[in-house]
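A.B. asks:
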Amino acid sequence: MLAGNVDGIVRIRGEFFILEHKTAAQIDSDYLEKLWTDFQITIYAHYIEQTMGIPMTGILYNVLVKAKLQQSKGETEEEFQARRAELLAKSKTGKSSAKRRMPETDQEFQERLTEKYAEPLMLHREMLDLSHDRFDILRSELWELTQAFLDARRRGVFYQNTAFCFNYQRPCPYFALCRSNGNPNLIENFYQRVAPNEELRVLPADAPEPTF
Ligand code: SF4
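For the sequence shown, the residue numbers in our numbering are 8 to 219.
Structure, rendered in structure tokens:
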């Protein structure tokens, strides 16, 4: 069983596109080149065609660049006094007009973020045509994946896909567990068992049907 959330379906000049919102640390030609390999979006398109009978022409990506801004913590009184003493030592007049840097408020940070996201380069829109040959490849790959999964489940052996441990510029949520070689104490203290696709369960059951 596969489950997912499609961000939207849009109609452009009578043709239908899957809408996909993404965030990226940076958008360059390598990033855009890789979009056509998006396995998940091909599944969505295939599913929508099959179950809703909507012919999919392509994918409309809205890619938001992650702002590398951080809320300023300001400085403590001790840090300020140390900085001031340094400035005074360098000052020819023996005076300094330095003021303590206060922490940035949530509102100030929000304003800075809003200003940043108003920059045109923070959002990139890319439209890709969907080749229906991809559906054949998708079906065949899904079959292979299910067979590999069933085989692993039958034998109780799941290989570690270590090439993905830091795939999103951060450790995978299971990194501590894999590194500990399945230490039961770690499992008990840091992990809990939840039903699959829990994030999709919060959707209201009476979510409106899409309209076109
Ligand atoms: S840390 Fe994550 S990506 Fe790496 S082997 Fe474990 S489950 Fe796979």
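Glycine included, C-beta positions come from ideal geometry on N, C-alpha and C.
On a predicted model such as this, the values are computed, not experimentally measured, just so you know.
Between PHE116 and MET63, is the Cβ-Cβ spacing less than 7 Å?
C.D. replies: Cβ distance not < 7 Å, so PHE116 and MET63 don't count as in contact.
A.B. asks: Does DSSP classify GLU86 as helix, strand or coil?
C.D. replies: Helix, per DSSP.
A.B. asks: Considering Cα atoms alone, identify which of ARG18, HIS131, GLN88 is closest to LEU39.
C.D. replies: Nearest option by C-alpha distance: HIS131.
A.B. asks: Is LEU137 near GLY81, with beta carbons less than 7 Å apart?
C.D. replies: For LEU137 and GLY81, no; Cβs fall outside 7 Å.
A.B. asks: Roughly how many angstroms separate the alpha carbons of THR100 and MET109, rounded to a whole number?
C.D. replies: Distance between the alpha carbons of THR100 and MET109 is about 26 Å.
A.B. asks: PHE197: buried (16+ other C-beta within 10 angstroms of its C-beta) or exposed?
C.D. replies: Under this definition PHE197 is an exposed residue.
A.B. asks: Tell me whether PRO217 is buried or exposed, calling it buried when 16 or more other Cβ atoms sit within 10 Å of its Cβ.
C.D. replies: With a pLDDT of 45 at PRO217, under the threshold of 50, the predicted position of this residue should be treated as unreliable, and no value is reported.
A.B. asks: Confirm the yes/no value for this check: CB of GLN229, any heavy atom of the ligand SF4, distance under 6 Å.
C.D. replies: Residue 229 lies beyond the stretch modelled for the chain, which goes from 8 to 219, so this question has no answer here.
A.B. asks: For the ligand SF4, which residues have a Cβ under 6 Å from at least one heavy atom, in chain order?
C.D. replies: Here the list is GLN167, ASN168, THR169, PHE171, CYS172, CYS179, TYR181, PHE182, CYS185.
A.B. asks: Are at least three pairs of beta-carbons, each pair with one atom in the segment 10-17 and one in the segment 25-44, less than 8 Å apart?
C.D. replies: Touching, per the Cβ criterion.
A.B. asks: Which residues mark the beginning and the end of the alpha helix (DSSP H) in which HIS139 is found?
C.D. replies: Note, HIS139: premise wrong, no alpha helix (DSSP H); not H, not E.
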